[in-house]
Each structure stands twice: as C-alpha cells, then as structure tokens.
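K.L.:
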Amino acid sequence: MKLMRMIALAGSMAMAGTAAHAQFGSTLKAVKARGFLSCTGHNGSYPGMAEVDNKGNWKGFDIDMCRAVATAIFGTAKGHLKIQPTSWEQRWPALQSGALDMVIKATGWTMSRDTELGVQFSRPYMLAAISYATHADNGAKTVKDLNGGTLCVQSGTTLERYAADDQKARGYKLEVVPFDSTEAAKAAFLSGRCDAYVDWDLQLAVMRTTEVKDPKSIVILPDVLAAEPIAIAMRQGDDQWVDIANWVESILLEAEQAGITSANVDEMRAHPPTPAIATMLGVTPGVGKRLGLKDDWAYQVIKQLGNYSEIWNRNVGQDSPYELKRGVNALVKNGGILYPLIMD
Amino acid sequence: MSVTTLPHDPTRKQAHRKRRLSRPIDMAFSALGIGLAALVLWRIFNWAVLNAVWISPDGTSKVCRGISGACWAVIDVRWRLILFGLFPFEEQWRSSLACLVIVIVAILSCLPRFWRAPRLAGLWIAGFVAFYVLMAGGIFGLTSVAPEKWGGLTLTVFIYAAGMLIGMPTAIGLALLRRSTMPVIAKITGLFIDGIRSLPLITILFTAALIMPFVLPPWLLGDKIWRVVIGFSLFFAAYEAENIRSGIQALPAGQEEAAKALGLTYWQRTTRIVLPQAFRNALPPTINQFVISFKETSLIVIIGFFDVMASGKAAFGTGDWSFAWVEVYVFVALIYFVFVFSLSRYGAYLERRLRVGQH
C-alpha cells in the first residue's frame, strides 16, 4: 500500500505541474452543467464518516457534508450527488483529473498537499482531537490522573510525539510501551497491558463501540493532546468553489449557534429573529447571488440535513453507536473552537 | 504414460497399514494427530453451528450480544449489501439477474455442444447485452444506474468475465505474433508481453483508472470500468499468451511441416492443426491462470470499485456489526471458493475429456 501511495503521489504531483489550474467559477459551472456533484465515498467503510446501510445507501459525517454541498447547489441532493467509492491512494489523482469535485474524506490539511499537490482546502469542518483512552476502572478523569501509568503506542508515529510533548507541557509521566503497529498497540491496551492508548477521539470512540464487550469499560479523557484539522480539499485556483465550501460549513455552524434546526427552520424563515438570519435564509434577497447559488440554498441545506449538531449527533454523536462528545468540535460559546463566519 | 496406480490394489492397503500402524509409537502419533484434528473440527463446529446465531429478528446486532459462537445474523441482515454493493435496493433483482446471466452463459460455454466459434460469440454477445441492459438500464422502462453504483458479486463476476473474454483472443493473437517469422513483429510483441509481465497488476489498474484521464482526450476515455476491464484483460493476455506459446512449441515441428506439404494455408494450419493441440498442451497452466485471475479481481478495490471484497468490508464496517468481521470474511471466502473450485473441477473434467498428459 505504501508503494501505491507513492505512485499516486508522484502521479498527482506530475499532473499538478502540467494540469491547468481551475478557473474562477469553472467548477460550479461544470457541476451545474453536468447536473450532479461528484464527491468521495470509501472503498469499504470508515465508521462514522462514511458507512453503507443495509440497503446500500451511504451515510456518515463526510457523506452528509457532500449532501450539504450538493443541496446548496441544486436545492436537493437527491439525484444530484454521485458518491464515488474512492480509496485513500485514489483521492488526489481523481481530484486532479476532474473525476471528483471535492474530497471530503477525513482528510487532514497538510503543507505538502496544500503546496505541492495543487490542492486547496476549505476551513476545517472538524478537528481530529488526539486524546487518551483509558480503562474505566482506573478512575482517571484527566491526563494527570494517569501519572506513572503505561501508554501503548505505535513507535515512531506522530501520536507518540504528541504524547511526549503533552507530558512535558502538563507535567505528568507515562511509561511508553512501544509496538510496531497500531493494531498491536490497540490489542495490548484492550487486553489490559497498558493504562492508556492514544489516537483521534473518533477512532477511540469507534474502538470503544466495536471492539470491547462493554463500551462503558473504556473512557475517553477530555484533555486534547493535539488537534489535526480535517478539511474539504479542492483543485487549486477556483476561489469561488472554496467560497461555496466555506459558506456551506459556516451556515451549518451559524444555524446551530442561532438555534435553527431542521424542525424549526420554516418558522425561523417566516419570522427571522435577526437581520443576519433573514439574510442567511434568503428572506432578504441577495445571499445566493454572491455565491452563484439560489437565494434559498442555506434554507434548503438546514431543512434537509439539519445544523452542525444534528449532523454530528446523527453520525458520530449521541444518536449514533459511537456516542462521541463534541469536545473541541463544539461551538466557541460551548467551550469548543468552531465558529461561523460573519453573515452580513 | 502409465504411472497410474490401480484403485483396488489389496497390497496397497496393507502397505498403508504397515507404514502407519506398525509400531506402538506410530499408533500413538496417529491417534494424537486424529485427536487434534477432531478437537479443532469440533471447536469450529461449535463456533460455526452449535453456538451460532443465524437470524436477527429486528435487523440489529442485539441478538449476538454475549454469544460464544458465530453471528451469522450479520449475513442475514447485510447479505444484499455483500452481493450487490451500492446498487439501488429496489432494483437489486436486476443485479442478481445480471449476475445469473453471466454465470449461466459461462456454464453454457463450458458445454462441448457450444464449442463452435459462432455459437460462442453469439452466446457471449447476447449475455453481455442482457447484462448491460439490466445493470445500466435507461431503456425498457428500467431506471438508469451509473457504473459507480455497480458492486458486490455482480461487479466481480462482470469484470472477470469481460476480462477473460477480451483477454483470451488477445492472448492467442499475442502468442501467434510472438512466433511470427518476421523478427520485428516477434520482437515488438515479446517486448510488449514482457513489459506487461514486469509490472504489478495493481499499477496497471491504477494507471488505467487514474492516470489515463490525464493522457487521453475525453472522447476516447470511456467509463472507468471499461478502462479497468481492458487493463485487466491485457494483464491476463500477457501471461496466457506465454502459456499458449508453450503449448505451440511443445508440438513436434513435423506436424506443421506435414501440413505445409499438404498445401494448407497459414490460417488452415493454425486453426486446424496448431492451436487445437496447443490448447490441449496448455490446458493445465491455462486453468491455473483463470483461477489466479478470479482472485486477482479483488485488487480493483484499490481504485474504488465496490467488488465483493469491498462490499464485504462495508458490511461489517459500521458500529453495529464491526465485531462480525470473521463471519463476513468466511462468507466472502465461501463465495470465492465456490467459483474457484468449480473452475478447477471443470479444468479437471476438460483434462480427462481431452486426455491431457496421455499420448
């Protein structure tokens, strides 16, 4: 798989050099002419982000983000969204060749992708919060309670470095038990060999739900060691397309902040409480034209998919099997770091 | 060739007994071996049958909490996903019919009465047209389904059948070209075959699916699935061409010379004298190549196809069912086994019928 990744990377780097940059507005024009948005799925599944239900339909956080963008453009995602099953290696060449319009696939915003691959990113729509999992019978509530304990980790990974940095910064000490693979480290932790295990909190939540008999026996500590931004990736050069991605994300957060849900959006539209919400929901005309969309695009997105917290709860949060807490992914007013842009 | 042993040879039975059970220590080891095998089998039986849960009344994994056996309920709930992938749920009868069409056409073309070029060609063209109409839709009132929604076993069977069907004639062509008396043609074909053989299949598929869009103009591109089928069949053809060439070269030179002396043309010699015998000689490695290729179809998952392996992964890749990956893999393995085992049994039948290895 390493080999494939290198071939894919080399291929897309070569292409990024030769392929003309996307023109301003060209992606939206092409998507509208084609009649559907081409977005990433998974070649299998990625629990919480992209899964397949019993009837072969896609679901998950990333899938809902794809739906939100398609809904913003076409008024509905039904019939206007193609989820292309995509492997990790395939993401970049498929984006460059135009087979994909957006990569929404638990993808981190890294410098090499941003600069060398000819890709540009939206604002992060989620942060992969690197956290510890521990056994509930430890009674640990914060990382400091783990002091003097053991940590199972794959050696040489960024996770190991995050843990070392955090120990220095917060002043506690864990004895590292190194393993040569994630699976081995995880298995050792689950068998009780270590007091703690470190990973992206979504992965920890999935592990807790799917790999232990009693999910309550594993606790994810609230302290965040580091956070990696997960963002939508697009072809370089089409700023309007990036605007659309950013503003779709933003209205999901704005709706949550203002208490607008799929259930009450009709009422909010009839009696907008603030001028900003009137603008957002298209009551005051003009919000669509700025992005090349219809005036009711934000209304349709919220009506059909709900706000950010509805999407979160449904796919990874309290209404999903994973029951992941919002943590750093909460709104700023709730102690997280996510915020909407200013609607004027 | 007369090394075959007689099936009912009384001395053979005695020899067996003598070798396995003559001394007490041999008896002990035999008993130990049988005991171990029985224990393992019993445990597997316990897991797979006695303690297993077969169905899920509510469609969730609740029935499997706290059981010690296999949770076959995952197959009960998710089998349509495994077999048909992302194909629209209400339309899945089309996918199952399409899969059946290809399998039936494949079985029919294994029957000797269909072994005439026009019959085979007609059969396969009809088969593929029926398959394509059923899967893609768009006519006869069938809703159209885009290829990225094709999946599961149907996709695996389609890619395999299409790959073999394009690959086999290509292989014959390559084998004949490589034996051409014109050095330029023989050399270029040799270079082509060796070039493809020195690349991993995965790189060829990757290039066909992802690099080609950068190189080819859009009107020449076609859908990803066709590019992948062509890449797959070229890979098969390069190996199979060498199998056939070995079959040709095993023929005594006198045969072709005699045919020439009778005044037969090149095509008469090739189709009536050389190829039929070459096929017979090359049958065991050819069956081998067919079997390997079936298993190699699982590589298409790397370029984002939802084949039976990928949809198997999707079947347990959800919070509700992720503990049941062994059951899903066993189920997928059974599917592969049925196909590959039938292929090799058919190969054995062909060898008997054509008396391969007996001159």
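Same order as they appear, the protein sequences are chains A and B.
Take any residue in the first sequence, note its place counting from 1, add 64, and you have its number in the numbering used here.
Take any residue in the second sequence, note its place counting from 1, add 7, and you have its number in the numbering used here.
Glycine included, C-beta positions come from ideal geometry on N, C-alpha and C.
What you are looking at is a predicted structure, and each value in this text was computed from that prediction instead of being measured.
(1) Listing by chain order, which chain A residues have their CB less than 8 Å from the CB of B/E155?
(2) If contact is defined by three or more beta carbon pairs under 8 Å, each pair taking one atom from either stretch, is the segment 150 to 166 of chain B in contact with the segment 182 to 193 of chain B?
(3) Please specify which runs of the alpha helix (DSSP H), each continuous and at least 4 residues long, are wholly inside the segment 183 to 241 of chain A, giving them in chain order.
(4) Measuring CA to CA, which of A/Q184, A/T135 and A/V351 is closest to A/R299?
(5) Please list, in chain order, the residues of the segment 199 to 218 of chain A that have any C-beta partner in chain B closer than 7 Å.
(6) Count the CB pairs spanning the segment 349 to 359 of chain A and the segment 113 to 125 of chain A that are closer than 8 Å, and state whether there are at least three.
(7) Work out the CA separation of A/L388 and A/G213 for me, nearest whole Å.
(8) I want to verify the contact list: residues of chain B whose CB lies under 9 Å from the CB of A/Q154, in sequence order.
(9) Quick one, are the C-beta atoms of B/A289 and B/C78 less than 8 Å apart?
(10) Give a yes or no on contact between the segment 191 to 204 of chain A and the segment 285 to 299 of chain A, applying the rule of three or more CB pairs nearer than 8 Å.
(11) Roughly how far, in whole angstroms, is the beta-carbon of B/R252 from the beta-carbon of B/R185, given that I think they are within contact range, below 8 Å?
(12) For chain A, is any of its Cβ atoms less than 8 Å away from the one on B/P64?
(13) Would you kindly report the start and end of the unbroken beta strand (DSSP E) that includes A/A295?
(14) Check whether the Cβ atoms of A/L317 and A/V262 lie closer than 8 Å to each other.
(15) Along the chain, where does the beta strand (DSSP E) that runs through A/S102 open and close?
(16) A/A31 by DSSP, collapsed to three states: which one?
(17) Do you know how far the Cα of B/F239 is from the Cα of B/M219?
(18) At least one CB of chain A closer than 8 Å to the CB of B/K267: is that the case?
(19) Any beta-carbon of chain B closer than 8 Å to the one on A/A163?
(20) Quick one: list the residues of chain B neighbouring A/A158, beta-carbon separation under 8 Å, in chain order.
(21) Grouping DSSP H, G and I as helix and E and B as strand, with all else coil, what is B/K320?
(22) Taking 6 Å as the limit between beta carbons, can you name the residues of its chain near B/W328, skipping five residues before and five after?
(23) Between which residues of its own chain and B/S349 is the CB-CB distance below 7 Å, once the five residues before and five after are set aside?
(24) Could you give the distance in angstroms between the alpha-carbon of B/N58 and the alpha-carbon of B/E334?
(25) Along chain B, in chain order, which residues have C-beta atoms closer than 9 Å to that of A/T115?
(26) According to DSSP, simplified to helix, strand and coil, what is B/V347?
(27) Once you ignore the five residues that flank A/E224 on each side, which residues in its own chain have a CB closer than 6 Å to its CB?
(28) So A/L395 packs on A/L402, CB below 8 Å; how close in whole Å?
(29) Anything in the segment 79 to 94 of chain B with a Cβ closer than 9 Å to a Cβ of chain A? List those residues in chain order, please.
(30) So, under 8 Å CB-CB, A/V270 and A/Y386 are touching, yes? Tell me the CB distance rounded to an integer number of Å.
(31) Taking 6 Å as the limit between beta carbons, can you name the residues of its chain near A/A297, skipping five residues before and five after?
(32) Kindly indicate which residue of A/W311, A/K96 and A/E292 has the alpha-carbon position closest to the one of A/D408.
(33) Is there a Cβ of chain B sitting closer than 8 Å to that of A/Y386, yes or no?
(34) Starting from A/K119, find everything on chain B with Cβ-Cβ shorter than 7 Å and list it in chain order.
(35) List the residues of chain A whose Cβ lies closer than 7 Å to the Cβ of B/S329, in chain order.
(36) By DSSP, does A/D263 sit in helix, in strand, or in coil?
P.N.:
With the given structure in hand:
(1) K146, I147, Q148 and P149
(2) no
(3) Counting whole runs of 4 or more residues, the segment 183 to 241 of chain A contains the alpha helix (DSSP H) stretches 222 to 234.
(4) A/Q184
(5) none
(6) no
(7) 25 Å
(8) F213, A216, L217, I309, I310 and G311
(9) For B/A289 and B/C78, no; Cβs fall outside 8 Å.
(10) yes
(11) 6 Å
(12) no
(13) A290 to R299
(14) no
(15) L101 to T104
(16) With chain A running from 65 to 408 in the structure shown, residue 31 of chain A is simply not present.
(17) 14 Å
(18) no
(19) yes
(20) Those are L217 and G311, listed as they occur along chain B.
(21) helix
(22) S68 and V81
(23) none
(24) 13 Å
(25) Note on residue identity: the sequence assigns Glu, not Thr, to residue 115 of chain A. Those are A321, G324, T325 and G326, listed as they occur along chain B.
(26) helix
(27) V217
(28) Going by Cβ atoms, the distance from A/L395 to A/L402 rounds to 6 Å, so yes, they are a contact pair.
(29) Per Cβ criterion, the list reads V84, R85, R87, L88, F91, G92, L93 and F94.
(30) Rounded, the Cβ-Cβ distance is 6 Å, consistent with contact.
(31) V167, T171, V183 and F185
(32) A/W311
(33) A/Y386 has a beta carbon lying within less than 8 Å of a beta carbon in chain B.
(34) F96
(35) P111 and T274
(36) strand
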